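Novice: Starting off with a structure, shown below.
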Amino acid sequence: MLKTYRNDRPYPFCPGCGHGLILNQLDRALVMLGRDPRRVVLVSDIGCQGLGDQYFVTNAFHGLHGRSIAYASGIKLADPDLTVIVLMGDGGAGIGGAHLLNAARRNIGLTVLVFNNFNFGMTGGEHSVTTPQGGITATTRGGNLERPLDLCTTAAANGAGFVWRGTAFDRDLADVMAQAMQSECFALLDIWELCTAYYVPNNAFSRQALEATRQKLGWPTGIIRRAEPETKEYARALNEAAAPRSAVPPLRPRPVVPRYTSGLAREFRLVIAGSAGGKVRSLARLLGEAALLSGLWATQQDDYPVTVQSGHSISELIFSPHEILFTGVARPDALVLVSEEGYKMARRYVEGLIAGSWLFTTPAFAGLETPARKVICDFEAAGIRESKKHLALLTTAVALRRLELFPLDAFADALRGGQRPEIAAESLALLAASASVSGREEEASR
Amino acid sequence: MREFIDGATAVARAALDAGCDFFAGYPISPATPLLLHMVRELPRCGGVAIQTEDEIAAISMCIAAAMTGRRALTATSGPGISLYSENIGLAIMGEVPLVIVDVQRMGPATGGATTPGQGDVQFVRWSTSGGYPIIALAPGSVAECYSLTRRAFDLAERFRAPVFLLTDKEIFLSMSTVALDSYEYPPVRPRALAPAQMDEPYAPYRPGPDHTAPLFSPIGGPHIVRFTGSSHDARGFLTKDPATVGRLNEHLWRKIEDHVAEIELAQADLQADACTLFIAYGITARAMAEAVRQVRASGRAVSALNVQTLWPIPERTLLQALAASADGPRAVTRIVVAELNLGDLRREVERVIYRWAATTGRRAPEIIGLNRLDGEMITPEQFMVFV
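Chains A and B, in that order, give the protein sequences.
As numbered in the working numbering, residues 787 to 1232 make up the first sequence, in order.
As numbered in the working numbering, residues 1017 to 1403 make up the second sequence, in order.
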């Protein structure tokens, strides 16, 4: 058992500064708990209080301004049995507000000591998120207009399991710190104190003024929230969810064993242009699998907007008997065009069509002028139910029958292997139904 | 045996094979698939994966976890690298093993979220204050996504520095056919650990011999560890002593610069009678490979360099390619540097080549930029007009 967790270095703080008082209480709290200093981490923020880790014999993590709670969270997630204590100022609580809120929300087991002296002491006494209204600072010469942030009720309202407000002069501060560390909750201690370099002289501030300021705001003191003991600590919960479950290493290769053959002698480029929600990309992926099942090489490159269920969806596919080096398609050998949204973004493919290339499309695009062989597929006329939802699959099936890139059975196998059983059954039924539509081939125009 | 796979899956598989056991990230196109892979797969391997409140928290948690001994990974795109910026500096200063995947998209700002780009090459090199070096690898295929991710972990562990895997939307998200026997499995060597018993107190920042990384001891392990992002002495205490600060800062750059030969990686595909040398990386290297195939099929000669370490620039391989041609039947008279940006790599090639020409008295080849900024990829045909 250590008699102190302080090392022999003297504090560097100004005369009368509250930081040393708080750190002395932290030392007392650590002695009370008697934890192995190698299993305790002080995560310090930036500001005078951020120097504090250097005066202890525990581990220290001194990072960037406002990020101390995020570092502490990383440490706690990686090793939930560690005692992780954050030393931060009111400045850090402001710039790191998002981390404070989210750590409270998660109720991750950190003890956060806010050294709250109402201004930035290290950089020259500028105002912070906790400066009282009317407070004189280097950046509020006429008195602070902003309402101070109530750290405690904010943290408490958002799930922090242990919340306390008091001052550096409180006799029970070490006890409260020890309770906070033992709580295994996200614990926030808003510790009000004096900055004798700036806030005290600028505002004729004093120990008595701390209490007067609090009363004027009507904010509570002491323990503000204490969660039920059964509340689950986040780092442990996440690690318990991460207990090893499978002996099989994840994401192993799924080699495709060719079961079919293809007579394709050169690279063939197929573009499918449709709408988001039209299952274009999932179809393209299965076509790629089918090509591999047939001993070919394949690539698939998609284009789509940032929206999810609206706009175009285009997949470029290349099938080849040899390795494909470049995935881009400038000029398709065949274009499957099934929607207006697809057409808008596929104009360059349409313009790239030449005599000898193919366009497979719906009656809506029957008037499209192209030198390519144009095949119009009318699934409604063939009586296929809900064909509009499945135009990409149906039209591509017609194309596959004409183009003979690989056996249709390979595509059927890919559907069975790559979709949930009920979806695969539907797809296979559509594939079969598509056989009744061979498409009306129109004379090349233009 | 072959598989149909995208770069994101290859990166995730490699990370898990490399022993990655901590991931923190924030959703962003086109990097999100890696977040999804890691959140799904890491718990099954006993690791921790978390979606954080923002990118700043993501890299902060990774840095802290890495210092407890975890192998940490994070992934984002250009706008997220902007938010990683100051913590990249912390990872350099704190000597943190960390792998950062940047799936580049078209910039600036929000740019094209689902549009390819390669505009982060200089950005990742100079993304943080101080100007200290980082390592950045650029996979030129899905198979390289696997091998270079493994290599990124190896370099991060050994050099205790942030290592970027700088990829792009098309390499990362497009599906390719990969022959399983084309995967390479570079070793992932762990960071050097301090012995549990030491005669004197552990000094977390005492450099190893020849400017190698200090011996590591995890926070929570056998020694008291002091981690800091401020100028510090070997024990991790803050200092302004010029001699100590100078030694530390020299260590931070020499740790990389003195070991460039162990890091730099490029694939040179040279022909003795070629007078044109193509240089590319990432998705653009795929177009380059196809152009080389077509040029040679037509009976002409061309050389190509697929740059796999963008930082440090593979100067040795580049100069070897030039020296070989200078001694061959025909000298390279033209270098084409192709990239989806305004010339991020070209300016480095110019720097290296012009210095080489000035020091050897040789004539520098013409250096041409092949650049594209309309959201489309550079095509093989765009390369071929230069031969």
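Each residue gets a CB set at the ideal place from its N, CA and C atoms; glycine is no exception.
Just so you know, these numbers come straight off a predicted model, no measurement behind them.
1) Note down, in chain order, every chain A residue with its Cβ under 9 Å from the Cβ of B/Asp1249.
2) Applying the 10 Å Cβ sphere with the 16-neighbour rule, what's the burial state of A/Gln840?
3) Taking Cβ-Cβ distances shorter than 9 Å, what residues in chain B pair up with A/Ile861?
4) Give the range of the beta strand (DSSP E) segment to which A/Asp1195 is assigned.
5) Give a yes or no on whether the minimum CB-CB distance between A/Trp1005 and chain B is below 9 Å.
6) Classify B/His1053 as buried or exposed, calling it buried when 16 or more other Cβ atoms lie within 10 Å of its own Cβ.
7) Report the partner residues of B/Asn1322 according to the DSSP bridge assignment.
8) In the DSSP assignment, the beta strand (DSSP E) including B/Gln1067 goes from what residue to what residue?
9) Which of helix, strand or coil does DSSP assign to A/Phe901?
10) Should B/Arg1207 be flagged as near chain A, meaning a C-beta pair shorter than 9 Å?
11) So, for B/Ala1034: in the same chain, excluding its five sequence neighbours on each side, which residues have a beta-carbon less than 6 Å away from its beta-carbon?
12) Please list, in chain order, all residues of the same chain as A/Ser1173 whose beta carbon is under 8 Å from its beta carbon, the five residues on each side excluded.
13) Between the region 1300-1313 of chain B and the region 1234-1246 of chain B, are three or more C-beta pairs nearer than 8 Å?
14) Determine, for A/Leu974, whether the minimum Cβ-Cβ distance to residues of chain B falls below 9 Å.
15) Under a Cβ-count criterion, where at least 16 other Cβ atoms within 10 Å of its own Cβ denotes burial, should B/Arg1362 be classed as buried or exposed?
16) With a threshold of 9 Å between beta carbons, is A/Thr1113 in contact with chain B?
17) Using the rule of at least 16 other Cβ atoms within 10 Å of the residue's Cβ for burial, across every protein chain shown, is A/Leu1014 buried or exposed?
18) Could you tell me which residues DSSP puts in a beta bridge with B/Pro975?
19) Strictly under 9 Å for the Cβ-Cβ distance: is B/Ala1129 near chain A by that measure?
20) Is the region 1092-1111 of chain A in contact with the region 1201-1221 of chain A, if contact means three or more CB pairs nearer than 8 Å?
21) List in chain order: all unbroken alpha helix (DSSP H) runs of 4+ residues lying wholly within the region 817-905 of chain A.
22) Taking only beta-carbon positions, decide if A/Thr909 is within less than 9 Å of chain B.
23) Which one or two residues does DSSP pair with A/Ile1009 in a beta bridge?
24) A/Glu1102: buried (16+ other C-beta within 10 angstroms of its C-beta) or exposed?
25) Any contact between the region 884-891 of chain A and the region 799-818 of chain A? By contact I mean 3 or more CB pairs, one from each, below 8 Å.
26) Does B/Asp1289 have its Cβ less than 9 Å from a Cβ in chain A?
27) Residues of chain A with CB under 8 Å from B/Glu1407, in chain order?
28) Is it true that the CB of B/Arg1222 sits closer than 9 Å to the CB of B/Ala1250?
29) Show which residues of chain A have a CB atom less than 9 Å away from the CB atom of B/Phe1038.
30) Alpha helix (DSSP H) containing B/Phe1399: first to last residue?
31) Below 6 Å CB to CB, which residues in the same chain sit around B/Leu1058 once its five sequence neighbours on both sides are set aside?
32) Return the chain-ordered list of same chain residues with a C-beta closer than 6 Å to the C-beta of B/Cys1036, the five sequence neighbours on each side being excluded.
33) Could you pull out every residue in the same chain whose Cβ sits closer than 6 Å to the Cβ of A/Leu996, ignoring the five residues on either side in sequence?
34) In terms of alpha-carbon separation, which member of A/Leu1121, A/Glu1053, A/Val986, A/Ile871 lies closest to A/Glu970?
35) Just the Cα atoms here: how many angstroms apart are A/Glu912 and A/Gly1004?
36) Please compile the residues from chain B whose C-beta is within a distance smaller than 7 Å of the C-beta of A/Thr1182.
Specialist: Based on what the coordinates show:
1) Mapped onto the second sequence, residue 1249 of chain B falls at position 233. Per Cβ cutoff of 9 Å: no residues; B/Asp1249 is ~11 Å from chain A at best.
2) What you label residue 840 of chain A is simply residue 54 of the first sequence in a count that begins at 1. Label assigned to A/Gln840: buried.
3) Taking the first sequence and counting its residues from 1, the one referred to as residue 861 of chain A is at position 75. Within chain B, the residues near A/Ile861 are Met1077, Ala1080, Ala1081, Met1083, Thr1084, Ile1235, Gly1236.
4) Mapped onto the first sequence, residue 1195 of chain A falls at position 409. Not the beta strand (DSSP E): A/Asp1195 falls in the alpha helix (DSSP H), residues 1194-1204.
5) For the purposes of this step, residue 1005 of chain A is identified with residue 219 of the first sequence, where counting begins at 1. Chain B, which has no Cβ nearer than 9 Å to the Cβ of A/Trp1005, makes this no.
6) In the second sequence, counting from the first residue as 1, residue 1053 of chain B sits at position 37. Per the 10 Å Cβ criterion, buried.
7) As a working note, residue 1322 of chain B is residue 306 in the second sequence. According to DSSP, B/Asn1322 bridges with B/Gln1283, B/Ala1296.
8) Counting from one through the second sequence, the residue named residue 1067 of chain B turns up at place 51. B/Gln1067 -> beta strand (DSSP E) spans 1064-1067.
9) Along the first sequence, read from residue 1 onward, the residue named residue 901 of chain A stands at position 115. Under the three-state reduction of DSSP, A/Phe901 is assigned to strand.
10) Along the second sequence, one-based indexing puts residue 1207 of chain B at 191. For B/Arg1207, the answer is no, since every Cβ of chain A falls outside 9 Å of its Cβ.
11) Taking the second sequence and counting its residues from 1, the one referred to as residue 1034 of chain B is at position 18. So the qualifying residues of the chain are Arg1166, Phe1169, Val1204.
12) What you label residue 1173 of chain A is simply residue 387 of the first sequence in a count that begins at 1. Result list for A/Ser1173: Phe1165, Glu1166, Leu1180, in chain order.
13) Inter-segment contact for the region 1300-1313 of chain B and the region 1234-1246 of chain B is absent: fewer than three beta-carbon pairs are separated by less than 8 Å.
14) As a working note, residue 974 of chain A is residue 188 in the first sequence. With 9 Å as the cut-off, A/Leu974 does not count as an interface residue toward chain B.
15) Position 346 of the second sequence holds residue 1362 of chain B. Under this definition B/Arg1362 is a buried residue.
16) Indexing the first sequence from 1 puts residue 1113 of chain A at position 327. For A/Thr1113, the answer is yes, since a Cβ of chain B falls inside 9 Å of its Cβ.
17) On the first sequence, position 228 is the one that residue 1014 of chain A refers to. According to the sequence as given, residue 1014 of chain A is Glu; it is not Leu. When all chains shown are included, A/Glu1014 counts as exposed.
18) Chain B is shown only over 1017 to 1403; residue 975 of chain B falls outside these bounds and no answer can be derived.
19) To locate residue 1129 of chain B, count along the second sequence from 1; it is residue 113. The beta-carbon of B/Ala1129 is placed less than 9 Å from the nearest beta-carbon of chain A.
20) Output reads no: the region 1201-1221 of chain A does not touch the region 1092-1111 of chain A.
21) 854-864, 876-881, 883-892
22) For this step, residue 909 of chain A is matched to residue 123 along the first sequence. With 9 Å as the cut-off, A/Thr909 does not count as an interface residue toward chain B.
23) In the first sequence, residue 1009 of chain A corresponds to position 223, counting from 1. Looking at the DSSP assignment, A/Ile1009 forms a beta bridge with A/Trp950.
24) One-based indexing of the first sequence puts residue 1102 of chain A at position 316. Label assigned to A/Glu1102: buried.
25) no
26) As a position in the second sequence, residue 1289 of chain B is number 273, starting the count at 1. Not one chain A Cβ lies under 9 Å of B/Asp1289.
27) Summary: the structure shown does not reach residue 1407 of chain B, with chain B confined to residues 1017 through 1403, and so no result is reported for it.
28) As a working mapping, residue 1250 of chain B is identified with position 234 in the second sequence. As a working mapping, residue 1222 of chain B is identified with position 206 in the second sequence. Taking a C-beta distance under 9 Å as the contact criterion, B/Ala1250 and B/Arg1222 qualify as a contact pair.
29) The residue given as residue 1038 of chain B occupies position 22 in the second sequence. Chain A residues near B/Phe1038: Gly860, Leu863, Ala864.
30) Here residue 1399 of chain B corresponds to residue number 383 of the second sequence, with the count starting at 1. Where B/Phe1399 is concerned, the enclosing alpha helix (DSSP H) stretches over 1396-1400.
31) As a first step, residue 1058 of chain B must be located in the second sequence, where it is residue number 42. Closer than 6 Å at Cβ, skipping near neighbours: Phe1039, Ala1065.
32) Position 20 of the second sequence, counted from the start, is the residue given in the question as residue 1036 of chain B. Hits under 6 Å: Arg1087, Leu1089.
33) What you label residue 996 of chain A is simply residue 210 of the first sequence in a count that begins at 1. Result list for A/Leu996: Thr953, Trp978, in chain order.
34) Sequence index remark: in the first sequence, residue 970 of chain A carries index 184 (1-based). Minimum Cα distance to A/Glu970 is reached at A/Ile871.
35) Working through the first sequence from its first residue, we reach residue 912 of chain A at position 126. Working through the first sequence from its first residue, we reach residue 1004 of chain A at position 218. Each residue's Cα considered, the two are about 25 Å apart.
36) Counting from one through the first sequence, the residue named residue 1182 of chain A turns up at place 396. Here the premise fails: no neighbours, minimum Cβ distance about 16 Å.
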